[in-house]
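First the structure, in the form of structure tokens, and then the observations on it.
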Ligand code: ADP
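See the structure below:
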């Protein structure tokens, strides 16, 4: 029979598996057991809901059959099985195609292949790490015929009809010959298989059985032993979330998490929740240590697994998680949900809503607890997912600000460390009325802004906002602990003393004509030009008037569809009254207006550059500067 070829990506993965660059080969068993358990879940769910199967829960099992003579290990399940097409589609292409999207992304080119295997569940193919050949005999639920899929690795596979009386799947691994480094025969040993099941698959909710040989005292004898064969169940079958937290080790949580959610790193935090009273449910939730590579893309799907009394009814129930906690993985098991409930009805379900609410509260409380008691852990979390919290706050117009505002952190001018808003406010001096912040591409650039320097020099702390979403999030919050937020680059920055203000006002009035002349000479749509006394050593700066700040202008105009409708901040050019340049401008106003016009353009262009704005006509600036040089 002609061999079919694997899809390109699958072939690459297979090559990696066959050549076994991954050292942790034993995980193949966990992957196959987990597939078998999923297949039984599907069959059991069908038996409970559509009446096409009359199996009961106790009829299900997963069986291991090692055979040293033929060097084979069989993994048998009586789950849903696969049709001919399913064998072709499921085993001919890599299931988690995300791993290759990841690899093809140029940013990740240099990453070791080993990372990729760690990063994603490689599932079924991992069996090629320990096998020369694999056959999969399967009969699908409700089908009359059975098929066998067979492959010796990268050169392709065949599918042909076979005899199989029972529904389900038998996977036969032809275990590789031992090498100097690897004792593959171990995978045919009872003790090893028993150990692997305990280590990785203990919580599987169906029995994993194996015929085992044990020594037993002969009946009636005190010292004579005999070998007896027993059908032993190797796993405890208690799902992890049904065991008391105190009986589950960190390692068990980590193994469960890594296998289920395809992560190579243990979770940052595991959360257990048990609710009784209103709706009763148990939840086991995980906060990842890092954002998955596709987290901030539209391919990412949030959701928790949903179980009804131990039977999985939905793989990803998105209604259980608000967007701002979309990074949470885990599951909810409730005895109050009906098994037969459809997806559409679930959305409306009152009990599901109550669970979601309670889960949300729990996550928020646990994060807050982490912030208070494990700062390092929280900062790691926040670096990975803080952006999502801020988008969450913004995207529902602050509806959840009470949940989110205390979880936010920003870098601050004091020690350039992350601080919470509460910490900022607690550090405020008595006369400080507002929470100051400044925006820009990086901490370094922000700290060089004239306004920032001057606010800091007056002893105030400034929050450095470097992400697009930051300023929008603060705008939605509006206040925190009754203190308003203020962008120091806005025109209404008010940190001067009354005398300073008075003097400035006079100066601005006296120089009105000149300032208007400067504004005219610049020619671009400026709101106004004025003197300022809070610019430290800087000659000039740009601030903005109104709702839209310079950074918001940049962010909004980058958004899709913004080309036609460009938004403009109302810019104010502030000239430093205490800088020699102001005197110079004044004298030019009476002596050489032509030159003043040129100077004005240069000062304005410089101020734009310092604020991170581009120039409409960079060559004009270049020629102006050159002209002055050769004078
Ligand atoms: P994953 O399980 O992560 O989706 P795998 O490569 O392990 O990826 O498996 C691919 C698919 O093959 C599974 O999603 C499932 O549909 C099918 N499959 C694998 N093993 C079995 C099995 N024992 N019974 C039924 N279907 C199976």
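Residue numbers (our numbering): 11 to 641.
All C-beta atoms in this analysis are idealised placements derived from N, C-alpha and C, irrespective of residue type, glycine included.
Enumerate in chain order the residues of its own chain whose CB-to-CB distance from residue i is below 7 Å, with the five nearest sequence positions on each side excluded.
i: residue 641; result: none
i: residue 98; result: 169
i: residue 305; result: 337
i: residue 180; result: 84, 86, 147
i: residue 529; result: 536, 538, 539
i: residue 78; result: 198
i: residue 484; result: 447, 495
i: residue 60; result: none
i: residue 460; result: 545, 546, 548, 551
Which same chain residues end up closer than 8 Å to residue i when comparing Cβ atoms and leaving out the 5 residues on each side of it in sequence?
i: residue 277; result: 263, 264, 267, 296, 297, 298, 299, 339
i: residue 328; result: 311, 312, 313
i: residue 4; result: Lying before the first or after the last residue shown, residue 4 is absent from the chain, which here runs from 11 to 641.
i: residue 57; result: 63, 64, 65, 66
What is the DSSP secondary structure of residue i, counted as helix, strand or coil?
i: residue 145; result: strand
i: residue 49; result: helix
i: residue 358; result: helix
i: residue 499; result: coil
i: residue 599; result: helix
i: residue 180; result: strand
i: residue 420; result: strand
i: residue 622; result: coil
i: residue 215; result: coil
i: residue 226; result: strand
i: residue 396; result: helix
i: residue 59; result: helix
i: residue 639; result: helix
i: residue 171; result: strand
i: residue 340; result: strand
i: residue 331; result: coil
i: residue 161; result: strand
i: residue 70; result: coil
i: residue 364; result: helix
Report the rounded CA-to-CA distance for residue i versus residue j, giving the unit in angstroms.
i: residue 610; j: residue 574; result: 30 Å
i: residue 292; j: residue 284; result: 4 Å
i: residue 602; j: residue 608; result: 10 Å
i: residue 122; j: residue 635; result: The pLDDT assigned to residue 122 is 43, lower than 50, so where the model puts this residue is not dependable; a value taken from the coordinates is nonetheless given after this. When rounded, the distance between both Cα atoms is 50 Å.
i: residue 568; j: residue 311; result: 25 Å
i: residue 25; j: residue 137; result: 12 Å
i: residue 115; j: residue 36; result: Only weak support exists for where residue 115 lies, its pLDDT of 46 falling under 50; the value from the coordinates is given anyway. Roughly 29 Å separates the two Cα atoms.
i: residue 231; j: residue 34; result: 45 Å
i: residue 54; j: residue 89; result: 8 Å
i: residue 630; j: residue 620; result: 17 Å
i: residue 614; j: residue 431; result: 34 Å
i: residue 316; j: residue 282; result: 15 Å
i: residue 473; j: residue 498; result: 10 Å
i: residue 477; j: residue 409; result: 21 Å
i: residue 531; j: residue 441; result: 40 Å
i: residue 205; j: residue 280; result: 25 Å
i: residue 425; j: residue 434; result: 13 Å
i: residue 100; j: residue 390; result: 37 Å
i: residue 364; j: residue 256; result: 27 Å
i: residue 378; j: residue 343; result: 24 Å
i: residue 445; j: residue 504; result: 12 Å
What does a CB cutoff of less than 6 Å around residue i pick up in its chain, not counting 5 residues either side in sequence?
i: residue 249; result: 213, 215
i: residue 599; result: 524, 606
i: residue 482; result: 404
i: residue 371; result: none
i: residue 592; result: 585
i: residue 576; result: 567
i: residue 203; result: 74
Is the Cβ-Cβ distance between residue i and residue j less than 7 Å?
i: residue 388; j: residue 380; result: yes
i: residue 418; j: residue 449; result: no
i: residue 10; j: residue 162; result: Residue 10 falls outside the range modelled here, since the chain spans only 11 to 641, and no answer is possible.
i: residue 579; j: residue 554; result: yes
i: residue 398; j: residue 334; result: yes
i: residue 487; j: residue 411; result: yes
i: residue 223; j: residue 239; result: yes
i: residue 491; j: residue 422; result: no
i: residue 617; j: residue 552; result: yes
With a threshold of 7 Å between beta carbons, is residue i in contact with chain D?
i: residue 309; result: Checking the listed chains, one finds no chain D in this structure; it contains a single protein chain.
The ligand SAM heavy atoms versus the CB of residue i: any closer than 6 Å?
i: residue 157; result: Although the ligand SAM was asked about, the structure shown includes only the ligand ADP as ligands.
* alpha helix (DSSP H) runs contained entirely in the stretch 510–593, provided each spans 4 or more residues -> 522–532, 560–568
* To do: At 4 residues or longer, and completely inside the stretch 246–321: list those alpha helix (DSSP H) runs for me, N to C.
  => 260–271
* **Every unbroken alpha helix (DSSP H) inside the stretch 429–481 [4 residues or more]** => 431–437, 453–457, 460–467
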